[in-house]
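See below for the structure under consideration.
Numbering (the UniProt record's numbering), first residue to last: 1 to 250.
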């Protein structure tokens, strides 16, 4: 829901409007976010929830990807047995995003681990050069109880390691100048970070990518867009224990 509101505010010009509605339809909760913004071309409405999907008009206004936040919204929604959809009459006619979630007496977060014990107060560094992706993911992680610091490139990441001293670091591999592999290698040579959990983020999930991540010093490798549920499970399972050679696929 937060991702949808952020998305609506970003693509609605000053003076525009955003509406939010919460309703119940039979055995489902329906969350609707409607805006008077740029709208979504008909041809993109089937694929708008894929990573980095954008229209040409959107590209003219922003270097980030609308699909970053929407793909994350879909992952979280589907993890809770819900659906997400978009309706728009086209460019210039605004958009309506709708999330439907099942009503149930069982906890909605049944698929999540017990985050109050596992995550609250744990220090996490997010290294990502895409501003939209970093903003969306950092807010999602903060909602789960993590204390999050951010960096957009290698030098600022190394500085954050020294000053923030994270317990966990999510590091994008495809960074400019100094890539994620180089960051991990340097961190493992720094004093005091042998127990820090390093997680590689890439747009690929090939075996060669996983192996390269482990060799560089990462604990494990996750593909973009990050599935928060898988991430929480992996972190909870690993716990605060010392780093070990871990090439388990995610």
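All C-beta atoms in this analysis are idealised placements derived from N, C-alpha and C, irrespective of residue type, glycine included.
What residue does the alpha helix (DSSP H) around residue i start on, and which one ends it?
i, result
"residue 155", "154 to 164"
"residue 23", "Not the alpha helix (DSSP H): residue 23 falls in the beta strand (DSSP E), residues 18 to 25."
"residue 205", "No alpha helix (DSSP H) contains residue 205, which DSSP labels as neither H nor E."
"residue 220", "Looking at the DSSP string, residue 220 is not in any alpha helix (DSSP H); the run it does join, the beta strand (DSSP E), is 220 to 223."
"residue 140", "131 to 143"
"residue 5", "2 to 10"
"residue 235", "228 to 238"
"residue 171", "No alpha helix (DSSP H) contains residue 171, which is instead part of the beta strand (DSSP E) from 168 to 172."
"residue 182", "180 to 189"
Report the option in the options whose CA atom is closest to the CA atom of residue i.
i, options, result
"residue 160", "176, 151, 213", "151"
"residue 35", "8, 45, 44", "8"
"residue 2", "26, 32, 27", "32"
"residue 17", "210, 94, 183, 127", "94"
"residue 141", "221, 124, 128", "124"
"residue 75", "237, 183, 186, 230", "230"
"residue 126", "22, 186, 24, 165", "165"
"residue 97", "13, 49, 194", "49"
"residue 120", "195, 194, 83, 148", "148"
"residue 70", "24, 14, 99", "99"
"residue 185", "158, 39, 209, 208", "158"
"residue 170", "128, 211, 92, 85", "128"
"residue 29", "122, 215, 167, 83", "83"
"residue 81", "91, 90, 101, 92", "101"
"residue 6", "131, 238, 44, 79", "131"
"residue 163", "190, 11, 79", "190"
Residue i: buried (16+ other C-beta within 10 angstroms of its C-beta) or exposed?
i, result
"residue 245", "The predicted position of residue 245 is uncertain, since its pLDDT is 40 and thus under 50; no value can be drawn from it."
"residue 204", "exposed"
"residue 63", "Since pLDDT at residue 63 reaches only 34, below the 50 mark, its modelled position is unreliable, and no value is offered."
"residue 73", "buried"
"residue 234", "buried"
"residue 156", "exposed"
"residue 20", "exposed"
"residue 61", "Any reading at residue 61 needs caution, since the residue's pLDDT is 35, under 50, leaving its predicted position unreliable; the model's value is listed next. Exposed is the call here."
"residue 47", "exposed"
"residue 26", "exposed"
"residue 114", "At residue 114, the pLDDT of 45 sits below 50, so the modelled position is not reliable; the number obtained from the coordinates is stated separately. Residue 114 should be labelled exposed."
"residue 37", "buried"
"residue 88", "buried"
"residue 133", "buried"
"residue 195", "exposed"
"residue 224", "buried"
"residue 213", "buried"
Please look up how many angstroms separate the CB atoms of residue i and residue j, rounded, as I've assumed it's under 8 Å.
i, j, result
"residue 178", "residue 154", "3 Å"
"residue 4", "residue 137", "Not a contact, Cβ separation roughly 15 Å."
"residue 219", "residue 197", "5 Å"
"residue 145", "residue 188", "With 8 Å as the limit, residue 145 and residue 188 do not qualify as a contact, their Cβ atoms being about 27 Å apart."
"residue 180", "residue 200", "6 Å"
"residue 41", "residue 92", "Not confirmed; about 10 Å, so no contact."
"residue 168", "residue 122", "6 Å"
What are the boundary residues of the beta strand (DSSP E) that includes residue i?
i, result
"residue 96", "95 to 102"
"residue 84", "83 to 87"
"residue 124", "123 to 127"
"residue 150", "147 to 151"
"residue 31", "28 to 35"
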